[in-house]
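The structure appears right after this line, and notes come after that.
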Amino acid sequence: MFDFHLIHVMLNSASMAPYLDLKRAVPRLTDATLADLHARAHTGPGRRSVFTALISHLAGRGDSLTLAGLLDRLAAR
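Its first residue numbered 3, the sequence shown is counted upward by one per residue in the working numbering.
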C-alpha cells in the first residue's frame, strides 16, 4: 500500500519547504491557483518522480490491486 498526498505530488516535493511556503502565501489551499503551485514546484527528483515511477512499474507488472480487489481475493480463499 502506498500513500501519496496529492499536494506533494503536484509540488513534486523533495522537502516540506515548498508546501510550507505555499501555506504561508495561501493559507487556504483550496484558494491556491495553478500559478501558485507551479511557482513552488520542485524541478528535480521529488514525490511526483517517485509516484510516476511507481505507477509505471505497477502498470508493467499488471498485477496491482485496489484495496477492494485485495479483500475480494482474500475472501475467495
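For glycine and all other residues, C-beta sits at the position ideal for the given N, C-alpha and C.
Close-in-space but distant-in-sequence residues of the same chain around residue i (CB under 7 Å, 5 per side omitted)
i: glycine 48; result: Asn14, Ser15, Ala16
Close beta carbons around residue i, own chain, < 8 Å, minus the five adjacent residues each side
i: leucine 60; result: Ser66
Cutoff 6 Å; reference residue i; Cβ partners in own chain excluding five residues on either side
i: alanine 43; result: Leu13, Asn14
i: histidine 10; result: Arg49
For residue i, the first and last residue of its enclosing alpha helix (DSSP H)
i: serine 51; result: 49-63
i: arginine 12; result: Checking the displayed sequence, the identity of residue 12 turns out to be methionine instead of arginine. Segment 8-13, the alpha helix (DSSP H) holding methionine 12.
i: alanine 16; result: Note, alanine 16: premise wrong, no alpha helix (DSSP H); not H, not E.
Cβ-heavy atom distance, residue i to the ligand MG, below 7 Å
i: leucine 67; result: Ligands are entirely absent from the displayed structure, and the ligand MG is therefore not among its contents.
Cβ distance (whole Å) where residue i is taken to contact residue j below 8 Å
i: leucine 22; j: alanine 34; result: That belief does not hold up - the Cβ atoms of leucine 22 and alanine 34 are roughly 13 Å apart, past 8 Å.
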